[in-house]
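The sequence shown begins at 26 in the working numbering and counts up one residue at a time.
Cβ atoms here follow ideal geometry from the backbone N, Cα and C, with glycine treated the same way.
Here's the structure we're looking at; comments come further down.
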Amino acid sequence: MSEDFPLLPPCMTQVPGVSPALLEGLFSAAADFYTLSPWGALGGETNIAVHVPSHSEARLVVVMGAGGQAYGVSVYDNAADLQRMYRLNDPLAAAAEMSWLALTYETADYISADDLWAIERFGWRVANPSAYPAIVRIGAPGPELRPPQLDDLVWLEGALRSLCLFVERYLELDERGAPRPVRVSLTSTTSAGQMETHLRLPGLRV
């Protein structure tokens, strides 16, 4: 997690309505995404619009990790929020105006004790000791780290599954090493069943 937000993330297992089955699916999807290591091809300012028809409008996903430090994804609820982040170019300033969802891969000492207990008890997948998924909401009404909502977790499991399929089957790089534009509709299997997802790269031209 960025040094701009030094507090430990809230406990995912205490999100109202969350189930062990959902978190098992989410951890598995996060482990698969980490194993694919898409940060080199999709890092920087590359963003992908991910629309799950059963969940409101498209969200914009930015893959973190091209710099070799923090790995994960930032998820913006709409194009206007991503544009605001680019305009401000300062996470702390942005956190005063908006909120976004973040998944980062961390060591166990960054994960809450309750979540670590559940990981051990239920055997949820973790790609390696540096890849425990930490999922938080960052921003308004302040810079604090807040728990994700249940809808965030359901959406993120499906989005990660679809992003894994996208990286494996559809991602192509041009002669400069930049990802080629693409639109694709995918169906992935999640803990809740089949989820339809529409992806567009780039989601927003910057």
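TODO: Could you tell me whether the Cβ atoms of M123 and A165 are closer together than 8 Å?
DONE: Start at 1 with the first residue of the sequence shown, and residue 123 comes out as number 98. Start at 1 with the first residue of the sequence shown, and residue 165 comes out as number 140. One thing to note: M123 has its Cβ within 8 Å of the Cβ of A165.
Task: Contact the stretch 52-68 vs the stretch 175-190: 3+ CB pairs below 8 Å - done: yes
TODO: Would you check if the distance between the CB atom of P63 and the CB atom of V192 is smaller than 8 Å?
DONE: By 1-based counting over the sequence shown, the position of residue 63 is 38. By 1-based counting over the sequence shown, the position of residue 192 is 167. For P63 and V192, yes; Cβs fall inside 8 Å.
Open item on the list: Here's the rule: buried if 16 or more other CB atoms are within 10 angstroms of the residue's CB, otherwise exposed. What is R112?
Closed with: Counting from 1 along the sequence shown, the entry for residue 112 is found at position 87. Counting Cβ neighbours within 10 Å, R112 comes out exposed, since fewer than 16 surround it.
TODO: Please go through the same chain and pick out, in chain order, the residues whose beta-carbon is closer than 8 Å to the beta-carbon of A133, but skip the five residues on each side of it.
DONE: Position 108 of the sequence shown, counting from 1, holds the residue named residue 133. Contacts found: L141, P154 and Y157.
TODO: Rank A54, M37 and V88 by C-alpha distance to the C-alpha of T215 and give the top, closest one.
DONE: As a first step, residue 215 must be located in the sequence shown, where it is residue number 190. Among A54, M37 and V88, the Cα nearest to that of T215 belongs to A54.
Open item on the list: Measuring CB atoms only, is the stretch 205-219 touching the stretch 95-110, in the sense that at least three cross pairs come out at less than 8 Å?
Closed with: no
Task: For V161: DSSP bridge partner residues - done: Along the sequence shown, one-based indexing puts residue 161 at 136. The partner list for V161 (beta bridge, DSSP) reads A127.
Task: Span separating the alpha-carbon of M89 from that of P227 - done: On the sequence shown, residue 89 is found 64 positions in, with the first residue counted as 1. On the sequence shown, residue 227 is found 202 positions in, with the first residue counted as 1. M89 and P227: Cα-Cα distance of roughly 15 Å.
Open item on the list: Taking its Cβ as the centre, do 16 or more other Cβ atoms sit within 10 Å of E182, making it buried, or is it exposed?
Closed with: Looking up residue 182 in the sequence shown gives position 157. So E182 counts as buried.
Open item on the list: If I follow the unbroken beta strand (DSSP E) through Q219, where does it start and stop?
Closed with: Reading the sequence shown from its first residue, position 194 is the one you call residue 219. Per DSSP, Q219 belongs to the beta strand (DSSP E) from G218 to L226.
- [ ] Quick one: using the 10 Å Cβ neighbour count with 16 as the cut-off for buried, is F52 buried or exposed?
- [x] In the sequence shown, the residue the question calls residue 52 occupies position 27. F52 is buried by the Cβ-count criterion.
TODO: Could you check the C-alpha separation between M37 and D115 for me, to the nearest Å?
DONE: For the purposes of this step, residue 37 is identified with residue 12 of the sequence shown, where counting begins at 1. For the purposes of this step, residue 115 is identified with residue 90 of the sequence shown, where counting begins at 1. Between M37 and D115, the C-alpha separation is close to 26 Å.
Open item on the list: Taking only three categories from DSSP, how would you classify L61?
Closed with: On the sequence shown, position 36 is the one that residue 61 refers to. Secondary structure at L61: helix, using DSSP grouped into helix, strand and coil.
Open item on the list: Using C-beta distances below 7 Å, list every residue in its chain close to I163, excluding the 5 sequence neighbours before and after it, in chain order.
Closed with: Residue numbering aside, residue 163 sits at position 138 when the sequence shown is read from its first letter. Within the same chain, I163 has close Cβ partners F30, A120, S124, W125, A127 and L170.
- [ ] Taking only heavy atoms of the ligand MN into account, decide whether any of them is closer than 7 Å to the Cβ of V40.
- [x] Although the ligand MN was asked about, the structure shown includes no ligands whatsoever.
Task: Close beta carbons around E28, own chain, < 6 Å, minus the five adjacent residues each side - done: Translated into the one-based positions of the sequence shown, residue 28 becomes position 3. With a pLDDT of 44 at E28, under the threshold of 50, the modelled position of that residue is not reliable, and the figure given next carries that caveat. Once the five neighbours on either side are set aside, E28 has no close Cβ partner at all.
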